[in-house]
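Chemist:
In UniProt numbering, the protein residues as written are 1 to 105.
1) Measuring straight from C-alpha to C-alpha, what distance separates residue 33 and residue 5?
2) Taking contact to mean at least 3 C-beta pairs separated by less than 8 Å, is the region 15-26 in contact with the region 37-55?
3) Kindly indicate which residue of 20, 44, 49 and 26 has the alpha-carbon position closest to the one of residue 66.
4) Quick one: what's got a C-beta closer than 8 Å to residue 57's C-beta in the same chain, skipping five residues either side?
5) Closest Cβ-Cβ distance between residue 27 and chain D: below 9 Å?
6) Does residue 58 come out as helix, strand or coil in the three-state DSSP assignment?
7) DSSP state of residue 22, grouped into three classes?
8) Give the secondary structure of residue 2 by DSSP, where H, G and I count as helix, E and B as strand, and everything else as coil.
Here it is, written out as structure tokens:
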């Protein structure tokens, strides 16, 4: 029984590293931005009116959430780019198969 090497490509840099950074950034902002908005609004904008300060903090949370959703939609590939990427993978695997066939002969 002959052992053949695997055709799996070497593992490179994680393509989703930017997604992790965005998630960490927005997680920080979803925590820090409303607290900051509450503090600033209660000390500078509406003196001792916690209802207005809470409303402003809730508005800031919603702004951060909408921004996260918009960024998530914008980073998604279009169908045209995905088809081109899949076609390149097929061409690469076909070329690898031809090289192995020549080596076997």
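Glycine residues also receive a C-beta, built at the ideal position from the N, C-alpha and C atoms.
Modeler: A quick look at the data gives this:
1) The residue labelled residue 33 in the question sits at position 33 within the chain shown. The residue labelled residue 5 in the question sits at position 5 within the chain shown. If I take the Cα positions, the gap works out to 52 Å.
2) no
3) Residue numbering aside, residue 66 sits at position 66 when the chain shown is read from its first letter. Among 20, 44, 49 and 26, the Cα nearest to that of residue 66 is on 26.
4) Counting from 1 along the chain shown, the entry for residue 57 is found at position 57. Closer than 8 Å at Cβ, skipping near neighbours: 34, 35, 37, 38 and 41.
5) Note that chain D does not occur in the displayed structure, where there is just one protein chain.
6) Sequence index remark: in the chain shown, residue 58 carries index 58 (1-based). In this structure, residue 58 counts as helix in the three-state DSSP scheme.
7) The residue given as residue 22 occupies position 22 in the chain shown. Note: residue 22 maps to helix in three-state DSSP.
8) Within the chain shown, numbered from 1, the residue matching residue 2 stands at position 2. In this structure, DSSP gives residue 2 a state outside helix and strand, which the three-state scheme calls coil.
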